[in-house]
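Enquirer: Listed in order, the protein sequences are those of chains D and A.
With the first letter of the first sequence counted as 1, position 227 gets the number 227 in the numbering used here; the numbers rise by one all the way through.
With the first letter of the second sequence counted as 1, position 302 gets the number 1302 in the numbering used here; the numbers rise by one all the way through.
Backbone N, C-alpha and C fix where the C-beta goes; we use that ideal spot for every residue, glycine too.
2 protein chains.
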Amino acid sequence: MQTSASPHLFSVPDDHGSPQPQALLRGGIDLGGTKIQAVVVDAEHRVVGSSRRATPTSGGAGDVVDALALALHEACRVAHIAPHELAGVGVGTPGAVDTQRGVVSNARNLPGFEGAVELAAMLTEEVDTTVRVGNDVGVALDAETLLGAGAGHASFLGVWWGTGVGGGVVLNGQRWHGRGAAGEIGHTIVKRGGALCPCGRFGCLEAYAGRRAMEERARKQAGRGKRTVLFELMEKKGLDRLTSGVWAKALEKEDKLATRIVDRALDALAAALGSSVNLLDVEAIVIGGGLGTRLGQPYADEIASRMRKHIFRPDAPPPVRVSTLGDMAGALGASLLATRPVAV
Amino acid sequence: MQTSASPHLFSVPDDHGSPQPQALLRGGIDLGGTKIQAVVVDAEHRVVGSSRRATPTSGGAGDVVDALALALHEACRVAHIAPHELAGVGVGTPGAVDTQRGVVSNARNLPGFEGAVELAAMLTEEVDTTVRVGNDVGVALDAETLLGAGAGHASFLGVWWGTGVGGGVVLNGQRWHGRGAAGEIGHTIVKRGGALCPCGRFGCLEAYAGRRAMEERARKQAGRGKRTVLFELMEKKGLDRLTSGVWAKALEKEDKLATRIVDRALDALAAALGSSVNLLDVEAIVIGGGLGTRLGQPYADEIASRMRKHIFRPDAPPPVRVSTLGDMAGALGASLLATRPVAV
């Protein structure tokens, strides 16, 4: 678990039942395309209960909500509390989020989420406490701001390097939302008329650095006869896609194709980050997401090094840090939503 | 004069001497590489005196300061006030500015400004009132925020499209400074490993859209025998460089080379702005600078149209407006510095 760097966040509840001030316990759920991570945290943001399960890959929105409720129940069981006793629950989700109404739209990676899903209302039915919903990358960034790699920086850029490339901008300690759609650093144009991005545009950072785009390129080049251990490693692990772990393993083995594709991603990341630093002159950059946390600080350092040549005032380039909350950032960030008044 | 769109900013003082409340009059000077524009404004930011003169192209920093003082004296004469009676004077200057100490460094376009110049102290000697110094593009943006195209927008990106490509970011009605170097949209990487930028890096927006870079390209291509009216127009006007006016005239005449080079600049601007909008989701974009104001709204519209294909949420692209204060934005913005407490 990537969170081992922040052991203070975890506390094992006393099995003999030293009672928690239950009204202060909150739930947080990270709803990802692959997994659901639920936590129960206390007022000091310590994890007192945790549970992880696979996200349903078929069925409807109701099945996903059932899985969320189950994960939360399990985390609550560890924390010796019932879901309805929680002060509230937050959910971080992909897609476009109407935080006011707790409605999620266009979360295409989730079964039954192609249209609009009344996620807050549906989950409230099952867990009988207040449910707030927020954007997955956004809440992860909130967690890094308060508890992780962003703490101590008044401003930073977050880059969530995973299946796609998400991001966020934190200024004066607050996420900058713009008109609601800020933070899309993954759609910085790194090559005009370049590679087709999953978003349908051309030349976006995500088209070079997103795990999905990288996998597509690897499949295409392997299909043309390029030698690689990527798919062998994938099959050995019983997987049907190139996870961050598979990429990391292939890099360790100095696989040429994997190295070349990651190299291309690093160059694209460096250019997009350089441009963003020139515009915003932030104090730091925080890299999270599946690939970001799996590849870790050596790759963050490499990005920093390649970024330097693009920075207008290169005397004090912002440090590039890996998310310290790792794959718990989303659930912890979601827990921050639980008792927050809904933004107007 | 580009400012004709904002006639309320100008008031002709009564020659019979209806006295102004002199303590409220402020001076503002825009110190450019080509011209010095001085204004005297009243408490409502109306221009009650104005003067323009050429920036010295030789000599030392003292000669530049003399020219600043002369321009201010002339503007004061029109406004029936002596410089020492002004509540204060602000100067917008290129280069790196230490606003605390009123010192300008690295303003390489100005004679004698290669090193550090104690501009505030030197000018105070001559005009006998408080002098504050700020960055030229920054103060122009402040003017647009308060009085111009940015008014009514909580957030916008300013792009100063001139000899170079300067810029600024206004968020919640305030310029975002970052660690002091924010706003360098001209150094967005629009082509990795691309054209050499005057800043020494490769592929920056300014290397494609800066007037200086555009002129270099035109000279090179004309040298290779490409036909163009650009240099003919330049000579006819008795100039030694391709001013914004020369470019505008060549475009009017549908000069092929000029059209192609401007086309390339528009594409680069659209990409850099698209990326910036994806990151910040601002309410508007304001285009100023020599080329920006000279080419005007039709070209701003063209940039907006080309930008659309890069925008992640294209349903509500921010409007692209031309600076309404035109070439008075700098002097008006400088006048805003005059009585402002120095930022700590």
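In angstroms, rounded to a whole number, what distance separates the CA positions of Leu205 of chain D and Val91 of chain D?
Expert: Straight-line Cα distance between these residues: approximately 27 angstroms.
Enquirer: Going by DSSP, which residues form a beta bridge with Gln100 of chain D?
Expert: Answer is none; Gln100 of chain D lacks a bridge partner.
Enquirer: Considering Gly296 of chain D, what are the terminal residues of the beta strand (DSSP E) in which it resides?
Expert: From DSSP, Gly296 of chain D is part of no beta strand (DSSP E) but of the alpha helix (DSSP H) over 289–307.
Enquirer: How is the alpha helix (DSSP H) around Arg1078 of chain A delimited, first residue to last?
Expert: One point to set straight first is that residue 1078 of chain A is Val, not Arg, in the sequence displayed. 1061–1078 is the extent of the alpha helix (DSSP H) around Val1078 of chain A.
Enquirer: In chain A, what lies closer than 9 angstroms to Asp281 of chain D by C-beta?
Expert: Trp1176, His1177, Gly1178, Arg1179, Gly1180, Ala1181, Ala1182, Gly1183, Glu1184
Enquirer: Going along the chain, which residues of its own chain have a beta-carbon closer than 7 angstroms to the beta-carbon of Leu171 of chain D, five neighbours each way excluded?
Expert: Ser155
Enquirer: With a threshold of 8 angstroms between beta-carbons, can Thr163 of chain D be considered close to chain A, or not?
Expert: no
Enquirer: Under 8 angstroms between C-beta atoms, does Ala304 of chain D make it to chain A?
Expert: False, the Cβ-Cβ gap to chain A never drops below 8 angstroms.
Enquirer: Give me the subset of the stretch 143–174 of chain D whose CB atoms are less than 7 angstroms from a CB atom of chain A, sorted by chain position.
Expert: Ser155, Val169, Leu171
Enquirer: Can you name the residues that DSSP bridges to Trp1161 of chain A?
Expert: A:Val1165
Enquirer: Applying a beta-carbon distance threshold of less than 8 angstroms, which residues of chain A neighbour Cys199 of chain D?
Expert: Per Cβ cutoff of 8 angstroms: Phe1312.
Enquirer: Under 9 angstroms between beta-carbons, which chain D residues line up against Asp1267 of chain A? List them in chain order, please.
Expert: Taking the beta carbon of Asp1267 of chain A as reference, the chain D residues within 9 angstroms of it are Arg192, listed in sequence order.
Enquirer: Do Leu1230 of chain A and Asp1255 of chain A have their beta-carbon atoms positioned less than 8 angstroms apart in this structure?
Expert: yes
Enquirer: Residues of chain A with CB under 9 angstroms from Thr55 of chain D, in chain order?
Expert: By Cβ distance, chain A contributes nothing, its closest Cβ being about 24 angstroms from Thr55 of chain D, past 9 angstroms.
Enquirer: By the DSSP assignment, the alpha helix (DSSP H) with Ser58 of chain D in it spans what residues?
Expert: Neither: Ser58 of chain D is in no alpha helix (DSSP H) and is coded neither H nor E.
Enquirer: Does the stretch 1145–1162 of chain A come into contact with the stretch 1257–1274 of chain A, if we say contact requires no fewer than three beta-carbon pairs (one atom in each stretch) closer than 8 angstroms?
Expert: yes
Enquirer: Given 7 angstroms as the limit, tell me if Ala1270 of chain A has its C-beta closer than that to any heavy atom belonging to the ligand SAH.
Expert: As for the ligand SAH, it is missing from this structure, which has no ligand bound.
Enquirer: Taking a contact to mean a Cβ-Cβ separation below 8 angstroms, would you say Gly1150 of chain A touches Val1286 of chain A in this structure?
Expert: yes
Enquirer: Leaving out five residues on either side along the sequence, give the residues of the same chain with a beta carbon under 7 angstroms from the beta carbon of Pro111 of chain D.
Expert: Excluding sequence neighbours, Pro111 of chain D sits near Pro56, Thr57, Ser58, Gly59, Gly60, Asp63, Val64.
Enquirer: Considering Cα atoms alone, identify which of D:Ala140, D:Gly193, D:Arg201 is closest to Gln174 of chain D.
Expert: D:Ala140
Enquirer: According to the neighbour-count rule (16 or more other Cβ atoms, all chains shown, within 10 Å of its Cβ), is Thr1034 of chain A buried or exposed?
Expert: exposed
Enquirer: How about Thr1188 of chain A: is its C-beta nearer than 8 angstroms to some C-beta of chain D?
Expert: For Thr1188 of chain A, the closest Cβ of chain D is nearer than 8 angstroms.
Enquirer: Would you kindly check if the distance between the Cβ of Leu279 of chain D and the Cβ of Val1169 of chain A is under 8 angstroms?
Expert: yes
Enquirer: Are any of the Cβ atoms in chain A nearer than 8 angstroms to that of Ala271 of chain D?
Expert: It does; some Cβ of chain A falls within 8 angstroms.
Enquirer: What number of angstroms, rounded off, separates the C-alpha of Pro317 of chain D from the C-alpha of Glu85 of chain D?
Expert: 47 angstroms
Enquirer: Under 8 angstroms between C-beta atoms, does Asn1109 of chain A make it to chain D?
Expert: no
Enquirer: Where does the unbroken alpha helix (DSSP H) through Ile261 of chain D begin, and where does it stop?
Expert: 256–280
Enquirer: Consider the Cβ of Thr93 of chain D: report whether some Cβ of chain A lies at a distance smaller than 8 angstroms.
Expert: no
Enquirer: Below 8 angstroms, how does it come out for the stretch 1289–1306 of chain A and the stretch 1234–1247 of chain A: are there three or more Cβ pairs, yes or no?
Expert: A contact exists between the stretch 1289–1306 of chain A and the stretch 1234–1247 of chain A.
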